[in-house]
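J.: Going line by line, the protein sequences match chains F and U.
Quick note on the working numbering: the first sequence kicks off at 52 and runs consecutively.
Quick note on the working numbering: the second sequence kicks off at 24 and runs consecutively.
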Amino acid sequence: MTFLNFDAALISSIVVYALLAFSVQVPLRAGVFSLGGIGCFAVGGYTTAILSIHGVPTPLALVAGVALGGVVSFLLALVLVRLRSLYLAMATVAFVIIVGVVAANAGDLTGGSLGLFAVPGSIGLGTIEIIGIAVALLLFALERYVSGRSVVVAREDEDLANSLGIDIGRQRRMMFAVSGMLGGLAGGCHVLTVATIAPETAGFSMIILVLTMVILGGFGTWVGAAIGAVVLTWLPLEISSLGDWWPVIYGLMLTVMAVYAPAGIVGLLSRPTRWLRHSLPRPRSTPQPNEVSIGGDT
Amino acid sequence: MGQQLINAIVLGSILTLFSLGLSLAWGSLDVLNMSHGALFVVGAFIASKLVDSGGMPFVLAAVIAIIAAGLLAALVELLILRRIRTTFPSRRQRELSTLVATVGVGTIVDELIRSESEGVPFGIPSFAVERHDVLGLSVSNVQIMIVVVTFVLAIAIDRFMRRSRQGRAIRTIAFDSGIAETMGIRVNSVAAGTMFVSGALAGLAGILVTLNVSGIDVQTGHQYLLIAFAVIIVGGVGSVRGAIAAAFLIALAQTAVVAYGPAQWQAGVAFIFILAVLIFRPGGLFARVQAERS
């Protein structure tokens, strides 16, 4: 399967990044500011790599990576249960960094700061395509049917969600578990395609890259995360002359999208007003001064 | 032991300066400034450049660098945060956009500095470090300066926030920016001023750290940002006294780990603090009773 010069390596890395982007997009869509999926990427990657090095069959190692990613993320949800919005963002960023610190300091098990090399297991291009498509279908179903919509209710109005009988705590734990499993799966696939993993997989630059993918594409739907992953995996290879300047471009993209197109490319492609109508809260009885004084320094 | 205590006090002072700026922006404007670490590096970098290649006296260079970091923060407020505040009525969207935009700004600034400094750690060379004997312990003039500057600024900011008209205005905005506006407070001007002070504090912290450790790079800003998260979660947002207490507590723990424990785990200390506080005292060590943080 090659089109637009997409070779096997590029396709696998697109799928890996799409899975990773999903792990951030899924909770974000539910209004949960968690970047923990990126930490689970390293958890899953290291688990798969270590098991594979110790002779565990590849599929089993991958499943173990996914499971451990999910479990770690679920435990994180239990601990962070009382945190909302920005506090949650901070705590999950801290979690990602700490995973990197643990990976860099756990001695021979994780290969220290150099990471692990020459992981024996590998995964075929067909398998990775199937994994990508299956996960996308799963997310499509998840967004489309009941649980997906209750997530949007919980995001927009927690009291309303409560009164509809939606168990928000359970939903948040679910979001964390799913995010962790997606992150773990991405990490496992990453290790099985490139055969190495290093502590930098859980760090600031990874957070920035994945956040750019999700925000550029649009966090409201899995399609957005997928678009972001495709664009930002393919474009740096296509325009490689920019080299070291890519992080600056990510920064510009993040800033501009955050201010002018918060719904991302998906939001721009679909009817432009639709996202706005959905995201704006219902008119309140008292107008907020912030809304009245648009652009005014009065 | 005494020497370690001095290290802890110095680290605590730096953390206080750094976190106060972050906490000020967050507590009053709801801005989690992810570029605070970059502003910290900007202050250090500009001071280093002015002294190193410009041949400027240290104090003048430091003042210019601090003002530059403050102006950069104010510029971010004028160009980006103000737009976000006025365009998105939904608080959740505002917070997400602010988070994302400041991550973006931080990345841009980081990369520009990385390419300017060619990835090599930079210091402020011409500053003469002298060591004094105080009660049998060795203390450098830089360390004394850090503690004194922090002490003076922390008290000044605490007084300012509690007693002055402007401080009251900032606290009103923190309570409800809508009410503040109807009370005749110029929310936009106060916001720009607050961001300036916040950025200037970050720049000052950057310069002082650079003097103390002789060389920093972009990564250093990230490390301090991570610890500042812990300071804010432990101390409670917007509380000047909480931030100070948390900064010294974490500094003490971190210094103990570096001195007596597995030193490479020092970055883990911040996270352990976050977890411990969340599990045992979710409102923060100094917060009033409050079950949830949002």
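Ideal Cβ positions, reconstructed from N, Cα and C, are used throughout, including at glycine.
Everything numeric in this text was worked out from a predicted model, so none of it was measured.
What beta strand (DSSP E) runs, 3 residues minimum, are completely inside the segment 144 to 186 of chain U?
T.: Entirely contained in the segment 144 to 186 of chain U, the beta strand (DSSP E) runs reaching 3 residues are, in chain order, 154 to 157, 160 to 163.
J.: Counting only C-beta atoms, is Ala225 (chain U) closer than 8 angstroms to chain F at any point?
T.: For Ala225 (chain U), the answer is no, since every Cβ of chain F falls outside 8 angstroms of its Cβ.
J.: Give the interface partners of Asp159 (chain F) over in chain U, defined as CB-CB distance under 8 angstroms, in chain order.
T.: Ordered by position in chain U, no residue passes the 8 angstroms Cβ test against Asp159 (chain F), which lies about 15 angstroms from the chain.
J.: Residue range of the alpha helix (DSSP H) that Tyr283 (chain U) falls in?
T.: First-last of the alpha helix (DSSP H) with Tyr283 (chain U): 263 to 283.
J.: Among F:Ser63, F:Phe73, F:Asp58, which one has its Cα closest to the Cα of Gly279 (chain F)?
T.: Taking only the C-alpha atoms, the option nearest Gly279 (chain F) is F:Phe73.
J.: Between the C-alpha atoms of Thr39 (chain U) and Ile250 (chain U), what's the straight-line distance to the nearest angstrom?
T.: Rounded to whole angstroms, Thr39 (chain U) to Ile250 (chain U) spans 11 angstroms at the Cα level.
J.: So, at 8 angstroms on beta carbons, what are the nonlocal neighbours of Ile239 (chain U) in its own chain, with the 5 sequence-adjacent residues on each side left out?
T.: Closer than 8 angstroms at Cβ, skipping near neighbours: Val64, Ala67, Pro144, Phe145, Gly146, Gly229, Val232, Thr233.
J.: With a cut-off of 8 angstroms, does the C-beta of Val203 (chain F) fall near any C-beta of chain U?
T.: No, no contact with chain U.
J.: Nearest-angstrom Cα distance between Asn3 (chain U) and Val153 (chain F)?
T.: In the structure displayed, chain U extends from 24 to 317; residue 3 (chain U) sits before or after that span and is not available.
J.: By the three-class DSSP mapping on this structure, what secondary structure does Leu248 (chain U) have?
T.: The answer is helix: DSSP assigns Leu248 (chain U) an H, G or I state.
J.: Would you mind listing the alpha helix (DSSP H) stretches within the segment 125 to 186 of chain F that are 4+ residues and don't spill past its ends, in chain order?
T.: Listed in chain order, the complete alpha helix (DSSP H) runs (minimum 4 residues) inside the segment 125 to 186 of chain F are 136 to 156.
J.: State yes or no: is the beta carbon of Ile316 (chain F) nearer than 8 angstroms to at least one beta carbon in chain U?
T.: Not one chain U Cβ lies under 8 angstroms of Ile316 (chain F).
J.: Got a sec: is the Cβ-Cβ distance from Tyr301 (chain F) to anything in chain U below 8 angstroms?
T.: With 8 angstroms as the cut-off, Tyr301 (chain F) counts as an interface residue toward chain U.
J.: Output, in chain order, the set of chain F residues within a Cβ distance shorter than 7 angstroms of Gln287 (chain U).
T.: Simply Asn156.
J.: DSSP three-state call for Ile248 (chain F): helix, strand or coil?
T.: Of the three classes helix, strand and coil, the one that applies to Ile248 (chain F) here is strand, per DSSP.
J.: So which residues on chain U does Leu288 (chain F) lean against when the C-beta distance must stay under 8 angstroms?
T.: Within 8 angstroms Cβ-Cβ: nothing; Leu288 (chain F) doesn't reach chain U, min ~19 angstroms.
J.: Does the segment 178 to 197 of chain F come into contact with the segment 99 to 117 of chain U, if we say contact requires no fewer than three beta-carbon pairs (one atom in each stretch) closer than 8 angstroms?
T.: Judged by Cβ distances under 8 angstroms, the segment 178 to 197 of chain F makes no contact with the segment 99 to 117 of chain U, as fewer than three pairs qualify.
J.: To the nearest angstrom, how far is it from the Cα of Ile297 (chain U) to the Cα of His245 (chain U)?
T.: Each residue's Cα considered, the two are about 17 angstroms apart.
J.: Does Ser124 (chain F) get closer than 8 angstroms to chain U when you measure Cβ to Cβ?
T.: No - not a single Cβ of chain U is within 8 angstroms of the one on Ser124 (chain F).
J.: Give every residue of the same chain whose Cβ lies closer than 8 angstroms to the Cβ of Thr244 (chain F), excluding the five residues on either side of it in the sequence, and list them in chain order.
T.: Cβ neighbours of Thr244 (chain F) beyond the five flanking positions: Ala60, Ser63, Ser64, Val67, Ser173, Ile174, Ile179.
J.: Can you tell me whether DSSP reads Ile259 (chain F) as helix, strand or coil?
T.: The answer is helix: DSSP assigns Ile259 (chain F) an H, G or I state.
J.: Got a sec: is the Cβ-Cβ distance from Ser321 (chain F) to anything in chain U below 8 angstroms?
T.: So, not an interface residue.
J.: Using Cβ-Cβ distances below 7 angstroms, what residues of the segment 215 to 249 of chain U are close to chain F?
T.: So the list reads His245, Leu249, given in the order they occur along the chain.
J.: Suppose contacts are defined by Cβ-Cβ distances below 8 angstroms. Is Ala124 (chain U) in contact with Thr99 (chain F) by that definition?
T.: Contact flag unset, no.
J.: Check for me: the alpha helix (DSSP H) holding Ile105 (chain F) runs from which residue to which?
T.: A small fix is needed here, since residue 105 (chain F) is His in this sequence, not Ile. It is not in any alpha helix (DSSP H) - His105 (chain F) carries neither H nor E in the DSSP assignment.
J.: To the nearest angstrom, report how far apart Val203 (chain F) and Ile104 (chain F) are at their CA atoms.
T.: Looking at the two C-alpha atoms, the distance is approximately 42 angstroms.
J.: If you follow the alpha helix (DSSP H) that Pro78 (chain F) is part of, which residue opens it and which one closes it?
T.: Taken as a continuous stretch (DSSP letters only), the alpha helix (DSSP H) holding Pro78 (chain F) covers 59 to 80.
J.: In chain U, which residues lie with their C-beta within 8 angstroms of the C-beta of Val130 (chain F)?
T.: Residues of chain U passing the Cβ test: Leu298, Leu301, Ile302.
J.: Is His155 (chain U) buried or exposed, if buried means 16 or more other CB atoms sit within 10 Å of its CB?
T.: Exposed: under 16 other Cβ atoms inside 10 Å.
J.: On the CB-based measure, 16 or more other CB atoms within 10 Å of its CB, does Asp133 (chain U) come out buried or exposed?
T.: Under this definition Asp133 (chain U) is a buried residue.
J.: Run down chain U in chain order and give the residues with a C-beta less than 9 angstroms from the C-beta of Thr272 (chain F).
T.: In chain order: nothing, as chain U lies at least about 15 angstroms away.
J.: Strictly below 9 angstroms CB to CB, what residues from chain F border Ser140 (chain U)?
T.: Neighbours of Ser140 (chain U) on chain F: none; closest Cβ ~13 angstroms, over 9 angstroms.
J.: Could you pull the DSSP bridge partners for Ile239 (chain U) from this structure?
T.: Its beta-bridge partners are U:Phe145.
J.: For Ala155 (chain F), collect the residues of the same chain with a Cβ closer than 7 angstroms to its Cβ; drop the 5 residues on either side in sequence, then sort them by chain order.
T.: These residues qualify, in order along the chain: Gly163, Ser164, Pro250.
J.: Need the endpoints of the alpha helix (DSSP H) that Glu209 (chain F) sits in, please.
T.: Start and end: 209 to 214.
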